[in-house]
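Colleague: For the sequence shown, the numbering used here gives the first residue as 945, with consecutive numbering after it.
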Amino acid sequence: MRKPCSISLLASSAVLISSVATAQPAPRPAAPPDTPPPSAKPSEAAPAEPAPPAADRTSPATVEAPEPGSAEETRSAEPPDGELEGGEAEPKETTRPTSPTRQPVNAKPSAEGPPPSPRFAAPENATAVPSPMEARSPTAEGEGKGKPSREKADAPDVDVFAEDWWSHARPILEIHGYFRTRVEMFHRFSLGRIDQPGDQLWPVPVDHRYTAFNSGDSQPSATYGPVLCTDKESPSGSTDSRDPEDGLYRCKNHTQMGANIRFRLNPELHISDNLRVVSQIDLLDNLVLGTTPEGYAITPDADGGYASVQRGGYNPISLFDVSQTTPTSGVNGTKDSIRVKRVWAEFQTPVGELRFGRMPSHWGLGMVENSGDGYDDDYQTTIDRLMFVTGVKPLGLYVSGAWDFANEGATTENLLDSQGQAQDAAQKDDVRQLTFSIARRTDPDLAKQALAKNRIVVNGGAQLVWRRQRLANDLAGDVNDGANVPGAYPEGLMPGDVASGYVRRGGMLLIPDLWVQLLYKTFRFEAEGATVQGHADNVETATGTTEADFEDWKFRAWGFAAEAELHALEERLQVDFKGGWASGDPEASEADRPGSGGLTPGYGDGLQDQLGDDTYSTFAFHPNCKIDLILNRNILSRVQGSYYLRPGVAYDFMRSPDGQRLGGGFAAIWTRASSFVQTPGHKRDLGIELNGRLFFQSKDGALNDLPGSLGGFYTQLEYGVLFPLRGLGYQKRELASMQAALGDEAGHLKAAQILRWYLGVLF
């Protein structure tokens, strides 16, 4: 790190001594046509204008400048072959070649779609120049032909100046990301339902005492929650005391409130203009504030999960905890304080770009594959992939093919050999996946020019995912049961045989996905449609199945999403409309999840049971495809087996050229079930939700000048209210039985509310 600086200082000293020793120093020779001028730092004075080079050693002459648009003039201004959209801006005409300047890096690294990602080899204020060997090579026409003066002859032969060393190609590290704090308050997310804990749409706060209702028996099942509150703390009244002697009453609580933080880093190591390594690292990933106190610890439990450790003498009770400790998986939590999410490399070849590693995947609107790199995102699609992208840049056409490692099954990983290299233990249990795509994406700079001329810009493409698996080990259990756990491979040091946990899957999936985008002036329309088509011999996870148990299971699911957006009043006003549809399943059984009816993914239940046709047709959006604050984002956790309509409006009350903004927005969301039998109340209408927000963005940060990007300090206050409709309620017979047993007030749905405060620093 010190060597270039030392050489730069020596070069500068030599030039300075030479200048002082001469009365009239010779003018600095003109740069060769292939060598761009050195980039001066903002704090330094601009160098003097070079004198015209001599045509020969006897008579001075002026070298004729290349014509505008000639190959010599534009050679160094052209971007490399296969460059992506969002890369270098269109070069300006000049009489001397200049190296392309680099655009500011966006806040989120993305491997979205087929086109290769732009080359960012230096910060915004840096300029690309050839290597030192190329800069020292005097090959330009006319250089060295003028008669040298005595001062020039005595000066040292140094063509690389001190400031040049700061712009030569070398590994450069760029870091982008954000730090965020989110404060959230959930009120009545259980919607007034009194289901048993395993059947709830949203878990009732554990400190709320209530009597659950068993819909199968049409009778109250059990009472949950503590009786540890005083008369003042419980709104039930003195007649509701369960312990008159001690004066303790049932606890009542309908609110859950807390805060979480995340510090996300997206380091980019640029080896050269054509090679870089990109990563994503989260520190304190969605850590709930107040967790991992100093007196709390856990240890692995023999029955699975973890067990709490006895507290020590300095913190015998939690009332004495005054400090937090570092989160460590298996010690005081389930996550480590540092989590490496992604690492991948990108190499630009003359015919396309090669990507390899663990990388993000995003297509279209993110309905199926979503990179989840937004400032308020939680879920993301990350794939282990080998990918090659090529295309015809003048046409904006890109083609890609990828070999994905979706699931390798059992490996030879050994718990007692942490340094050894593990291998794939079998082939037939792998989930093999190939991804192909073809798309047209207009370069952003060309798109801006076309929109300024009132032209229509059309982008779009198609992606096809092929997936296959013959054998599977999805068994839950330990190594003795044959489950796929580290060290369970026969050659491992732990007992067990992974092969005993195999079932025949015999499955194949095809997932075609179409995407189209239309831009005109300040209007944008974008749509995505996808389907899941496939089959499987067996969908069970338990072992012991035979050929007689095999059936021809089919997968036939469909999904569609669309967005329309219009900007007006100098782009201060934004009017948008969003809509989407996910197919339902009229043959789905709700016996295993009566509270959700198949509108939620479920946990540990496997695929939802079928009543008749052996065909799964429930489509699920990616959970990061957020449309509201309460119902689809939190209670149902995603759009699944339903459709929605969402009109919205936003307005910037203040907008400055430096990026500072103050604005607000409002949206209304109507959600209905695609198949009424999948709802708890056997009605299509699920709810109407109203969302509002106020936001402020400061002028700090280098990303504010990028349209659509956030930079510096950003804060947002959001409020939402959900009015649940009959689809989320009880059926008539259930409601009648409940009210007969628990009173007329039982079973009535209640509105849910949310209040969110976002604080972030984006860079």
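Using N, Cα and C, we set each Cβ at its ideal position, and we do this for glycine too.
1. Is Thr1334 buried or exposed, if buried means 16 or more other CB atoms sit within 10 Å of its CB?
2. Identify which residue in Val1295, Ser1642, Tyr1240 and His1511 has its Cα closest to the Cα of Asn1259.
3. Could you check how far apart the C-beta atoms of Pro1624 and Gly1673 are, in whole angstroms? I think they sit under 8 Å.
4. Would you report the Cα separation of Thr1386 and Asp1457, rounded to the nearest angstrom?
5. Is Ala1685 helix, strand or coil when you go by DSSP?
6. Can the beta-carbon of Ala1506 be found closer than 9 Å to that of Glu1472?
7. Pull up the distance between the alpha-carbon of Met1452 and that of Ala1416, whole angstroms please.
8. Enumerate, from N- to C-terminal direction, the unbroken beta strand (DSSP E) stretches of 3 or more residues contained entirely within the stretch 1447 to 1483.
9. In or out: Lys1337 buried (at least 16 other Cβ within 10 Å) or exposed?
10. Report the rounded CA-to-CA distance for Thr1293 versus Thr1544, giving the unit in angstroms.
11. Whole angstroms are fine: how far does the CA of Ser1381 sit from the CA of Thr1466?
12. Residues in its own chain within less than 8 Å of Asp1644 by CB, not counting five upstream and five downstream?
13. Should the stretch 1310 to 1319 be called in touch with the stretch 1347 to 1367, which here means at least 3 C-beta pairs below 8 Å?
14. Looking at the unbroken alpha helix (DSSP H) that takes in Leu1390, where does it start and where does it end?
15. So, for Gly1542: in the same chain, excluding its five sequence neighbours on each side, which residues have a beta-carbon less than 7 Å away from its beta-carbon?
16. Ignoring anything shorter than 3 residues or poking outside the stretch 1120 to 1158, list the beta strand (DSSP E) runs there in chain order.
17. Would you list the residues sitting across from Ile1327 in a DSSP beta bridge?
18. Our contact map puts Ala1350 next to Met1331 with C-beta atoms below 8 Å; I'd like the distance itself, whole angstroms only.
19. How long is the line joining the alpha carbons of Met1699 and Leu1395, rounded to whole angstroms?
20. Would you check if there are 3 or more beta carbon pairs closer than 8 Å linking the stretch 1682 to 1697 to the stretch 1120 to 1127?
21. Counting along the chain, where does the beta strand (DSSP E) carrying Gln1292 start and finish?
22. So for Val1253, helix, strand or coil by DSSP?
23. If you run the structure through DSSP and keep just helix, strand and coil, what is Leu1309?
24. Can you tell me whether DSSP reads Ala1680 as helix, strand or coil?
25. Evaluate the contact criterion for the stretch 1271 to 1287 versus the stretch 1215 to 1228: three or more CB pairs, one atom per stretch, below 8 Å.
26. Do you know how far the Cα of Asn1398 is from the Cα of Arg1468?
27. Which class does Gln1622 belong to by DSSP, given the choice of helix, strand or coil?
28. In whole angstroms, give me the CA-to-CA distance for Arg1605 and Ser1267.
29. Identify every residue that forms a DSSP beta bridge with Ile1382.
30. What does a CB cutoff of less than 8 Å around Leu1117 pick up in its chain, not counting 5 residues either side in sequence?
31. May I ask you to verify whether the stretch 1136 to 1143 touches the stretch 1230 to 1238, counting CB pairs closer than 8 Å and requiring at least 3?
32. Quick one, are the C-beta atoms of Gly1503 and Met1311 less than 9 Å apart?
33. Could you please give the first and the last residue of the uninterrupted beta strand (DSSP E) stretch that includes Arg1700?
34. Quick one: is Tyr1587 buried, meaning 16 or more other Cβ sit within 10 Å of its Cβ, or exposed?
35. Would Leu1135 pass as a contact of Ala1696 if the rule is Cβ separation under 9 Å?
Modeller: Per the coordinate set shown:
1. Classification of Thr1334: buried, given that the 10 Å Cβ count is 16 or more.
2. The alpha carbon of Asn1259 has as its nearest neighbour, out of Val1295, Ser1642, Tyr1240 and His1511, the alpha carbon of Tyr1240.
3. Indeed, because the Cβ distance is near 7 Å, the residues count as touching under 8 Å.
4. Answer to the nearest angstrom: the Cα atoms are 20 Å apart.
5. Three-state DSSP puts Ala1685 in a helix.
6. The criterion of a C-beta distance shorter than 9 Å is satisfied by Ala1506 and Glu1472.
7. Whole-angstrom Cα-Cα distance: 13 Å.
8. Counting only runs of 3 or more, we get 1447 to 1464 and 1467 to 1480.
9. Buried, by the Cβ-count rule.
10. Spanning the two alpha carbons is a distance of roughly 45 Å.
11. Roughly 28 Å separates the two Cα atoms.
12. The answer, listed in chain order, is Gly1655, Gly1656 and Phe1657.
13. Three or more beta-carbon pairs separated by less than 8 Å are not found between the stretch 1310 to 1319 and the stretch 1347 to 1367, which leaves the two stretches without contact.
14. Leu1390: member of the alpha helix (DSSP H) spanning Pro1388 to Ala1396, first to last residue.
15. Contacts found: Asp1529, Ala1532, Glu1534, Gln1552, Thr1562, Gly1585 and Gln1622.
16. With a minimum length of 3 residues, the continuous beta strand (DSSP E) runs that stay inside the stretch 1120 to 1158 are 1154 to 1158.
17. DSSP, once it has assigned bridges, lists Met1303 as partnering Ile1327.
18. The beta carbons of Ala1350 and Met1331 sit about 14 Å from each other, so the pair does not count as a contact at 8 Å.
19. It is Leu, not Met, that sits at residue 1699 in the sequence shown. Each residue's Cα considered, the two are about 39 Å apart.
20. The stretch 1682 to 1697 and the stretch 1120 to 1127 do not touch, with fewer than 3 CB-CB distances between them shorter than 8 Å.
21. Counting along the chain, the beta strand (DSSP E) containing Gln1292 begins and ends at Ile1282 to Thr1293.
22. Of the three classes helix, strand and coil, the one that applies to Val1253 here is coil, per DSSP.
23. Three-state DSSP puts Leu1309 in coil, outside helix and strand.
24. Three-state result, Ala1680: helix.
25. The stretch 1271 to 1287 makes contact with the stretch 1215 to 1228; the number of CB pairs closer than 8 Å reaches 3 or more.
26. So the alpha carbons of these two residues sit roughly 13 Å apart.
27. Of the three classes helix, strand and coil, the one that applies to Gln1622 here is helix, per DSSP.
28. Whole-angstrom Cα-Cα distance: 37 Å.
29. Note: Ile1382 sits in a beta bridge opposite Val1343 and Ala1406.
30. Correct list, in chain order: Pro1211, Glu1212, Leu1213 and His1214.
31. No, because fewer than three Cβ pairs between the stretch 1136 to 1143 and the stretch 1230 to 1238 fall closer than 8 Å, the two stretches do not touch.
32. Contact: yes.
33. Here the beta strand (DSSP E) through Arg1700 covers Ala1696 to Leu1706.
34. Residue environment for Tyr1587: buried (at least 16 other C-beta atoms within 10 angstroms of its C-beta).
35. Here Leu1135 is near Ala1696, since their CB atoms are less than 9 Å apart.
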